[in-house]
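> Just dropping this structure here.
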Amino acid sequence: MSPGSPELLNKAREWMNDCLTSHTGCGQDGSTRLPARVVLLSPPGEPPWAKIWEPDGKDGQYCALSYCWGRDQEHKLLASRHERYRTEGLPYAQLPQMITDAFHIARSMGMRYIWIDSLCIVQDDRLDKEREMANMMNIYRNATFTISAASASDVTEGIFRTPHELRIERGPYYHPIRTGDGQIGSLILARIVRYVAAEPINNRGWTFQESLLTPRLLIFTELMMAWKCHVGFQPNNLAPNGRNMLERRPSAGAWGNWFKHLGYTSVQLGVANADGQPSPAATNATDTEEENGQDSRQVLKLWHTIVEVYTRRSLSEHRDRLPALSAIAQALMPRFQCRYHAGLWDRFLVLELTWNVVQEPSGRPGFKSAAAGPSWSWASAVGACCEYRHSWMHNLRAEVVSCQTTLVSEDSPYGEVAAGELVLRGYLQPVRIVRGGASPGCLFDEDGQVYEASEFYDDEVHMHPVGSWMDGDSNREAWCLLLTDSLGRLWRNGRMFPHRNTCAMMVLVKVDDDGKEPLYRRVGIAKASAEQPPFWWEASGKAEITVM
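Remember, the numbering used here sits 988 above the position in the sequence shown when you count from 1.
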């Protein structure tokens, strides 16, 4: 069946109806509160038209679109067009192929309403954008399903791709064949791809939360269509073999591996119970874990996984670093039950400070940006991939005295922040650091001696090699604040030394010495270990400091 054919979309509608009527874990069939603005589609049998409609609190069923903009959209919703699009309708024949393909899919699936960001948010109205971004969790969670235009990197490319459009030079080839009932079909011949790269949609930051929050995904890849809900995948009698090929005897985990290799994540956040709380499946936690008091560690681990996957994606605007993840943070709030500070959770704030920047093979650098968050937040490392390599050390050695952030908009409590101030009390030790591209670097004492077993991970990745501490401008006076540690065991010559201590420290530099107390800025994370106390990182005692 060709992409977008009635037969193919009828099959997708069967999958949807089966999920709505029989999958209790995915949420049952029924109307929900419609978003503030949707696109109203012409009913079947009429010439195609579409217009903006504002339901004003009415209930109904709708689908959503997750896609890559790629470039600016000429016919996006603007304040000057709002009334015309609402009364006269959208300029249907002039809309990008992606948008009209989505309209076609929605109609074929029995939907009269579809939510698309470029048409349902007034793009030049700051207040409207902030209001709708704050409601993004509900928009995708309440959608009956979300269309994932996986293989298109631009809004003009369309959802239904052909081999010519994909510039595939070595297949696939469509060979006509007559089926048993006399119909003419196609036999697809293609080279099996062993290496699977992420689809374009999964390289973009905004699309991450869209795929996590929706209860159901209708995925269109280069050559196949698949259905994903909380119960599993369709077609259920087939499984992927390579990137897009299917085989009749599905192997265990084949669909899950295919889903992951295309850049999606197996984390599920799209199902809510009747009281609005996420179900256990939504956060991969079980009732047993809750009873044993393990849920807090599970949800923190889940959040760290989300941050690590998300920060590997790209954003066109660096100030979107927090807003593009805000709906996921809002969805997880019932599990954390604490305040949210620029991408970090108050209940686990010391552990949350143990992130570090990772150098990607592409060599893209990270850089600090005040618009994206305070220096102690991973959001400040714009363009950089972050991970929680040191969060396994659960002995907290620092105390949070206070934490405050200033929001850009009070309507977006999980969104962009203008500033942040974190007051900590803990062991503070002066050191010297050397900046360089080879991670990890080292820490030095005031006499130029390297601290044994020290590792320094710079928040700002540079491409020149690490030198010695005497390299002039490349070395800098800094301070280490002890965050966490963990006692381990060291075996040497058949004997056990039980007091080996490994710690994680936030590395700071002074940014203001004019006031009553100095202010600090984070520049990296450090790890060190020693066999016997006293440990060098505790030598100068405790202090209370403010980090901006």
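Heads up, the beta-carbon is just placed ideally off N, CA and C, and yes, glycines get one too.
1) Of the residues S1010, M1212, T1534, which one's Cα is nearest the Cα of V1388?
2) Where do the ends of the alpha helix (DSSP H) carrying Q1520 lie?
3) For T1075, name the three-state secondary structure that DSSP assigns.
4) Less than 7 Å between the beta carbons of A1138 and F1208, yes or no?
5) Does the beta-carbon of N998 have 16 or more other beta-carbons within 10 angstroms, so that it is buried, or is it exposed?
6) Where R1149 and I1172 are concerned, what is the direct C-alpha to C-alpha distance, given to the nearest angstrom?
7) Candidates E1145, R1059, V1027, D1089: which alpha carbon is nearest Y1101's?
8) Taking only runs of the beta strand (DSSP E) that begin and end inside the stretch 1017-1085, which ones reach a length of at least 3 residues, in chain order?
9) In angstroms, rounded to a whole number, what distance separates the CA positions of E1440 and N1383?
10) Compare the beta carbon distance of Q1111 and K1039 with 7 Å and say whether it is the shorter of the two.
11) By DSSP, does D1446 sit in helix, in strand, or in coil?
12) Between which two residues does the beta strand (DSSP E) holding S1390 run?
13) Between D1399 and E1187, how many whole angstroms is the CB-CB distance? I'm expecting something under 8 Å.
14) In terms of alpha-carbon separation, which member of I1087, L1470, E1465, D1334 lies closest to V1497?
15) Identify whether F1091 lies in helix, strand or coil by the three-state DSSP scheme.
16) Determine the direct distance from the alpha carbon of F1432 to that of M1213, and round the result to whole angstroms.
17) Report yes if the C-beta distance between R1510 and W1364 is below 7 Å; otherwise report no.
18) Using three-state DSSP, classify E1532 as helix, strand or coil.
19) Helix or strand or just coil, what does DSSP make of A1315?
20) DSSP puts L1384 in a beta bridge; with which residues?
21) Any contact of the stretch 1076-1096 with the stretch 1126-1146, i.e. 3+ C-beta pairs under 8 Å?
22) Taking I1135 as the reference, which of S1397, R1001, D1435 has the closest Cα?
23) Could you say which of L1288, D1283, L1206 lies nearest to Y1252 if we only look at CA atoms?
24) Can you pull the DSSP bridge partners for L1206?
25) Quick check: what's the CA-CA separation for M1099 versus G1048?
26) Take the Cβ of R1182 as the centre, count every other Cβ of all protein chains shown within 10 Å, and call the residue buried at 16 or more, exposed below.
27) In the DSSP output, what is A1514 paired with across the bridge?
28) Between which two residues does the alpha helix (DSSP H) containing E1296 stretch?
29) Start and end of the alpha helix (DSSP H) containing A1122?
30) A1531: which of L1470, I1513, V1396, K1515 sits nearest, CA to CA?
31) Please go through the same chain and pick out, in chain order, the residues whose beta-carbon is closer than 6 Å to the beta-carbon of L1257, but skip the five residues on each side of it.
32) State the beta-bridge partners of K1504 as determined by DSSP.
33) Buried or exposed, going by whether 16 or more other CB atoms sit within 10 Å of the CB of P1311?
34) Quick check on W1380: buried or exposed, where buried means 16 or more other Cβ atoms within 10 Å of its Cβ?
35) What does DSSP give as the partner residues of Y1415 in its beta bridges?
36) DSSP puts P1228 in a beta bridge; with which residues?
The answer reads as follows:
1) Looking up residue 1388 in the sequence shown gives position 400. Nearest C-alpha to V1388: T1534.
2) Within the sequence shown, residue 1520 is the residue found at index 532, counting from 1. Note, Q1520: premise wrong, no alpha helix (DSSP H); not H, not E.
3) Counted from its first residue, the sequence shown places residue 1075 at position 87. In the structure shown, T1075 sits in a helix (DSSP, three-state: H, G or I).
4) In the sequence shown, counting from the first residue as 1, residue 1138 sits at position 150. In the sequence shown, counting from the first residue as 1, residue 1208 sits at position 220. Result yes, Cβ atoms of A1138 and F1208 sit closer than 7 Å.
5) Along the sequence shown, read from residue 1 onward, the residue named residue 998 stands at position 10. Exposed: under 16 other Cβ atoms inside 10 Å.
6) Along the sequence shown, read from residue 1 onward, the residue named residue 1149 stands at position 161. Along the sequence shown, read from residue 1 onward, the residue named residue 1172 stands at position 184. Roughly 21 Å separates the two Cα atoms.
7) Residue numbering aside, residue 1101 sits at position 113 when the sequence shown is read from its first letter. Ranking E1145, R1059, V1027, D1089 by Cα distance to Y1101 puts V1027 first.
8) 1026-1029, 1038-1041, 1050-1054
9) Here the question's residue 1440 lines up with position 452 in the sequence shown. Here the question's residue 1383 lines up with position 395 in the sequence shown. Here the alpha carbon of E1440 sits roughly 22 Å from the alpha carbon of N1383.
10) Within the sequence shown, residue 1111 is the residue found at index 123, counting from 1. Within the sequence shown, residue 1039 is the residue found at index 51, counting from 1. For Q1111 and K1039, no; Cβs fall outside 7 Å.
11) Walking along the sequence shown from the start, residue 1446 turns up at place 458. Assigned with DSSP and collapsed to three states, D1446 falls in strand.
12) Translated into positions along the sequence shown, residue 1390 becomes position 402. 1387-1395 is the extent of the beta strand (DSSP E) around S1390.
13) Here the question's residue 1399 lines up with position 411 in the sequence shown. Here the question's residue 1187 lines up with position 199 in the sequence shown. Wrong, their Cβ atoms sit about 33 Å apart, outside the cutoff.
14) As a position in the sequence shown, residue 1497 is number 509, starting the count at 1. When each option's Cα is compared against that of V1497, the closest is E1465.
15) To locate residue 1091, count along the sequence shown from 1; it is residue 103. F1091 falls in the helix class under three-state DSSP.
16) On the sequence shown, position 225 is the one that residue 1213 refers to. On the sequence shown, position 444 is the one that residue 1432 refers to. A direct Cα-to-Cα measurement between M1213 and F1432 gives close to 56 Å.
17) Taking the sequence shown and counting its residues from 1, one reaches residue 1510 at position 522. Taking the sequence shown and counting its residues from 1, one reaches residue 1364 at position 376. Contact: yes.
18) One-based indexing of the sequence shown puts residue 1532 at position 544. Strand at E1532.
19) To locate residue 1315, count along the sequence shown from 1; it is residue 327. Note: A1315 maps to helix in three-state DSSP.
20) The sequence position of residue 1384 within the sequence shown is 396, counting from 1. In DSSP, L1384 forms a bridge with T1472.
21) yes
22) In the sequence shown, counting from the first residue as 1, residue 1135 sits at position 147. The shortest C-alpha separation from I1135 is found at R1001.
23) Translated into positions along the sequence shown, residue 1252 becomes position 264. With distances taken between Cα atoms, Y1252 lies closest to L1206.
24) Residue 1206 sits at position 218 when you count from the first residue of the sequence shown. Beta-bridge pairing links L1206 to I1135, W1215.
25) Counting from 1 along the sequence shown, the entry for residue 1099 is found at position 111. Counting from 1 along the sequence shown, the entry for residue 1048 is found at position 60. The straight-line gap from Cα to Cα measures roughly 10 Å.
26) Taking the first residue of the sequence shown as 1, we reach residue 1182 at position 194. Any answer about R1182 is weak, because its pLDDT of 40 lies below 50 and its placement is not dependable; what the coordinates show is given next. Exposed.
27) Position 526 of the sequence shown, counted from the first residue, corresponds to residue 1514. F1444, M1493, per the DSSP bridge assignment.
28) Start at 1 with the first residue of the sequence shown, and residue 1296 comes out as number 308. Where E1296 is concerned, the enclosing alpha helix (DSSP H) stretches over 1283-1298.
29) Start at 1 with the first residue of the sequence shown, and residue 1122 comes out as number 134. 1114-1122 is the extent of the alpha helix (DSSP H) around A1122.
30) Taking the first residue of the sequence shown as position 1, residue 1531 is located at position 543. Of the candidates L1470, I1513, V1396, K1515, the one whose C-alpha sits nearest the C-alpha of A1531 is L1470.
31) Counted from its first residue, the sequence shown places residue 1257 at position 269. Here L1257 has L1200, L1201, A1270, A1319 as same chain residues with Cβ atoms under 6 Å from its own Cβ, once five neighbours each way along the sequence are excluded.
32) Here residue 1504 refers to the residue found at position 516 when the sequence shown is read from its first residue. According to DSSP, K1504 bridges with nothing at all.
33) For this step, residue 1311 is matched to residue 323 along the sequence shown. Result: buried.
34) One-based indexing of the sequence shown puts residue 1380 at position 392. Residue environment for W1380: exposed (fewer than 16 other C-beta atoms within 10 angstroms of its C-beta).
35) Stepping through the sequence shown from its first residue, residue 1415 is reached at position 427. Y1415 pairs with K1530.
36) Along the sequence shown, read from residue 1 onward, the residue named residue 1228 stands at position 240. According to DSSP, which records beta bridges pairwise, P1228 is partnered with L1234.
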